[in-house]
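Trainee: Residue numbers 3 to 133, in our numbering, belong to the letters of the sequence shown in order. Ideal Cβ positions, reconstructed from N, Cα and C, are used throughout, including at glycine.
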Amino acid sequence: MSVSEVRDDLGQLWYGELRGQLRRTRTPLAGVTDRATLFCLEELARDVDMRVRFRVDRVVEQGGRTRHEVSGQPSLAPTLRGLGTDESFGNAMASVVRLVDNSLPGDVGTLRRTGPFHNANERTLVAWIIA
């Protein structure tokens, strides 16, 4: 497993590192990003016949209320009910991502489900798998 940071230039990461690697060895990608970054990755992944297979949108409303919107593998729903609303979300998602079965048929509901933008009154972080 390798870890890459998106930083300022997603194109450089994709074309300089990920695209060639994924063409040689089809390996699922997993990450936690904002919606705009995931939206761009969705589009770039089409170039290597990959798509979003699973995602959890962690939406924090202006008043501080947090909700999780899950798309993908329904069998993970019981595991996801326990997701915290604090800063441990990324760590919790890292453990859930290992449970996703990429051999199952995809759920079209995960594809560009929300677009790159969120409501002005919300902040969203998305945990995802592209395979």
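(1) Any idea if G74 is buried or exposed, counting beta-carbon neighbours within 10 angstroms, 16 or more meaning buried?
(2) From C42 to V54, what distance separates their C-alpha atoms?
(3) I think I132 touches L31, with their Cβ atoms under 8 Å apart; what is that distance to the nearest whole Å?
(4) What are the residues that DSSP puts in a beta bridge with E71?
(5) Given this structure, state the Cα-to-Cα distance separating E124 from L15, to the nearest angstrom.
Mentor: Looking at the atomic coordinates:
(1) Along the sequence shown, read from residue 1 onward, the residue named residue 74 stands at position 72. Classification of G74: buried, given that the 10 Å Cβ count is 16 or more.
(2) On the sequence shown, position 40 is the one that residue 42 refers to. On the sequence shown, position 52 is the one that residue 54 refers to. About 11 Å.
(3) Walking along the sequence shown from the start, residue 132 turns up at place 130. Walking along the sequence shown from the start, residue 31 turns up at place 29. About 4 Å; that satisfies the 8 Å criterion.
(4) Numbered from its first residue, the sequence shown carries residue 71 at position 69. Its beta-bridge partners are D59.
(5) For this step, residue 124 is matched to residue 122 along the sequence shown. For this step, residue 15 is matched to residue 13 along the sequence shown. Whole-angstrom Cα-Cα distance: 28 Å.
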